[in-house]
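Be aware that the sequence shown starts at 0, since it is given in numbering that gives the first Met the number 0, and climbs by one per residue. By construction, the Cβ of each residue, glycine as well, lies at the ideal position given by its N, Cα and C atoms. This one's a predicted model, so the numbers in the text were calculated from it and none came from an experiment.
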Amino acid sequence: MTRYLAFLAVAVVATISFLGFHDMDYQNKYKAQGENALFADGRDARPPVAGTVARGTGLEPAQVFSDDFRRAESLNPSFVTGKDAKAAFLAGFPEKSLKLTKGQPQPYAIDADVLALGQAKYQIYCAVCHGDAGDGNGIMKVRSAIEGDVAIVTIASLQTPLIRSYPNGQLYDVVTNGKNTMMGYGDKLSPEERWAVVAYVRALQLSQNCPPELSSSPHALTAHWKKFLALGVAALAVVWVFAYIGVGHHENRQALSVLVGSLFWVSVLIGMLLLTMITRVFDAGWAPLVRRNWELLIEALPVVLLIGVVPLAFLPEFRHALWDWTDPAHVLAGGHTVGHDPILQAKSWFLNEPFFLVRIGLYVLVFGVLVTLLRRWSFAQDTDRTAGHTHRLHAVSAVGIPISAVALTMLAFDCLMALSYHWFSTMYGVWFFALSIRLALAVTVILTYKLSNGGWLDGLLNQAHRHVLGCLMLAFTVFWAYISFSQYFLIYTANIPEETFWYNIREIDAATGLKSEWWSVSMYLIFGFFFLPFLSLLFYRTKIIADRLLTVAWIILIGGIVDLWFNAIPRQVYDKSTPEGFVVTPFLTSSLLLDLAAIIGFGGIVFAIFLRGAAKHETIPVHDPRILESINYHE
């Protein structure tokens, strides 16, 4: 016992002794650009000691003693000071040396290498205060505004007309010697590096203050919006005519084509709306280049609802044909009518026509308001450069995500689950969410592939962006499979007839007891819509090679259409001529072509709106605070 107590005491003392060690990740030392109460100005960054004499000009010895410098009679004093012989600031960039050989000065050419050097040094020394875009909104300003440091709150924006009017030599002098509360960096940057910073600042100023004559005109692709509109109108006209003829003959399969086509694009656009808000909330640095295309596309969301779902719900003949519970005289598979169905009577508080129509209207309103706010403030930032728009977008996204989650869940209940109103699943809304994100990412990959090859993303979208999209596709492929399997597993385990019939009619032919054609569709969803993209996306090269990622995106897109077919089409239809008293809507019919026509038709409308919007708005959000991070994004 004594030995045990002694061992325990040593263990306790040893454990407590670790508390005296500093955390190696967060060492007890002053950080760059931090605070230090020891000094009068409260900063830990110190200027050179008074009387310090600089040695040399910051050039490497190998440069100083190279052949070029040994041939040079002298360095150009203006290159070191930023001033001419009369002590006036230089308007342009000086020659590096007066002459290498007689009569041959060495110019200081501004090329890609110089700008890259300037960007690197700017990010290290300047961006913390002046911001990535040079607008004075660096992290030091944000932090100091919270802490009430008035001196730092007034950090200058390099985009003001006054600073844009500075001669190059004056900017160089400020970098070298400092100005007001800014300390000089002459002891940290060589003359070459200081001039490179000046060149990069000029590039930032041009990027944020592009003259009207140099502003980008609409991309040539945007001129095709009328062709997409014509295609969409023509295809939808054909689909609606067949749907109207079908309901006139008491057939609903053609009307289902309109529903499937519209819900396909509704799911894509809801997914893009959610991705837009999620990347806003998390300040995703990779997202601005891609997110602008989502913002242009989601304008079509309320339009698709208005020309697809709303007419189906508000026109009685289509409503009664699609949603059996809205027609009291409809004969169910058991031979009794909807009006005498006890299950419907128990659900009538929710499944009644007035409330159903109100909900459909609310979906249009909710999604329309969110789309309008997200687009308005994002596009406003393109013109007025106000940072406050970013904060507003962050706030509305934080509120909009849960609102959208509820709206898309109820939309899935009303438009899909209510097609077989006896059946229910509390996981159905989550399935629709997973499907929406998968389809949105697939369309994004296909669209950005096109825009990166001759479009407005050419030269901007890189391997790292594809890798992010590929990782998201992999994550939501797994999530979709998890939700779909969990729903099936729970219903299979509970074995309640009111739930199992939904899967039974998708697996077994009631007349023969054998596997039905819908069972083959379910096998495709397992192996083609899950395992194939899942196994492909596990490989790193699939996520970074554009052609491979494009192939996976098309696989997911096709699988998403099949998944909608699997959920929307099979249903029990009363048929007294069969022993079972019903038949199940078949899969392989000519109406599949009408489904594809509806998808193409609504797609034509969506991309007509997209290209029309791209012609009116900036396709690259040049004033987004994170646009430079997005352009330069890397793994």
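Note the first and the last residue of the continuous alpha helix (DSSP H) segment covering Y648.
Residue numbering for the chain in the displayed model covers 0 to 634; residue 648 lies beyond these limits and cannot be assessed.
I'd like to confirm the pairing. Which residues does DSSP put opposite E34 in its beta bridges?
R42
Y643, buried or exposed, once every other Cβ within 10 Å from all chains shown has been counted against 16:
Here the chain covers residues 0 to 634 and nothing more, so residue 643 does not appear.
Express the C-alpha separation of C125 and L489 in angstroms, rounding to a whole number.
57 Å
For R252, the nearest candidate out of I109, K542 and L591 (CA to CA):
L591
Using only alpha-carbon positions, find the residue among H466, F478 and P301 that is nearest to V267.
P301
For L438, collect the residues of the same chain with a Cβ closer than 8 Å to its Cβ; drop the 5 residues on either side in sequence, then sort them by chain order.
F263, S266, V267, G270, I555, L556 and G559
Give the DSSP-derived three-state secondary structure of M181 in the structure shown.
strand
Count the other C-beta atoms from every protein chain shown that fall within 10 angstroms of the C-beta of V174, then say buried if there are 16 or more, exposed otherwise.
buried
Provide the residue(s) that pair with F581 in DSSP beta bridges, ordered along the chain.
Y573
Does the beta-carbon of D672 have 16 or more other beta-carbons within 10 angstroms, so that it is buried, or is it exposed?
Summary: the structure shown does not reach residue 672, with the chain confined to residues 0 through 634, and so no result is reported for it.
What does V330 pair with, by DSSP beta-bridge criteria?
T336
Nearest to A299 (by Cα), restricted to the options A312, S424 and L228:
L228
Taking L587 as the reference, give the member of T443, L304 and S519 with the closest Cα.
S519
Could you tell me the distance, in whole angstroms, from the CA atom of I482 to the CA atom of M416?
16 Å
Please list the terminal residues of the continuous alpha helix (DSSP H) segment that includes E506.
No alpha helix (DSSP H) holds E506; DSSP gives it neither H nor E.
Going by alpha carbons, who is nearest to S521 out of I604, L534 and I568?
I568
With DSSP collapsed to three states, give me the class of I28.
The sequence given here places Lys at residue 28; Ile does not occur at that position. The answer is coil: DSSP assigns K28 none of H, G, I, E or B.
In angstroms, rounded to a whole number, what distance separates the CA positions of L305 and L314?
12 Å
With DSSP as the reference, label K82 as helix, strand or coil.
strand
Reducing DSSP to helix, strand and coil, say where K514 ends up.
strand
Delimiting residues of the alpha helix (DSSP H) encompassing L228:
W224 to G247
Any idea what DSSP makes of F412, helix, strand or coil?
helix
Taking a contact to mean a Cβ-Cβ separation below 8 Å, would you say V257 touches A597 in this structure?
yes
By alpha-carbon positions, which one of Y573, W194 and Q158 ends up nearest to L116?
W194
Nearest to L548 (by Cα), restricted to the options L440, N35, P585 and H616:
L440
Tell me the rounded alpha-carbon separation between W479 and R201.
48 Å
Strand pairing of F88, partner residues [DSSP]
K82
Can you give, in chain order, each stretch of the alpha helix (DSSP H) that sits fully within the segment 276 to 302 and has at least 4 residues?
287 to 296
Whole-angstrom distance between L595 and F601, CA atom to CA atom:
10 Å
Would you kindly work out how many angstroms separate the C-alpha atoms of I544 and L471, rounded to a whole number?
15 Å
Have a look at H388 and R375 and give me their C-alpha separation to the nearest angstrom.
9 Å
Among L446, H390 and T221, which one has its Cα closest to the Cα of R611?
T221
Would a C-beta distance cut-off of 8 Å place A433 and F475 closer than the cut-off?
yes
Examine the Cβ distances between the segment 276 to 285 and the segment 444 to 457 and report whether three or more of them are shorter than 8 Å.
no
Does the separation of the CB atoms of E634 and H466 fall below 8 Å?
yes
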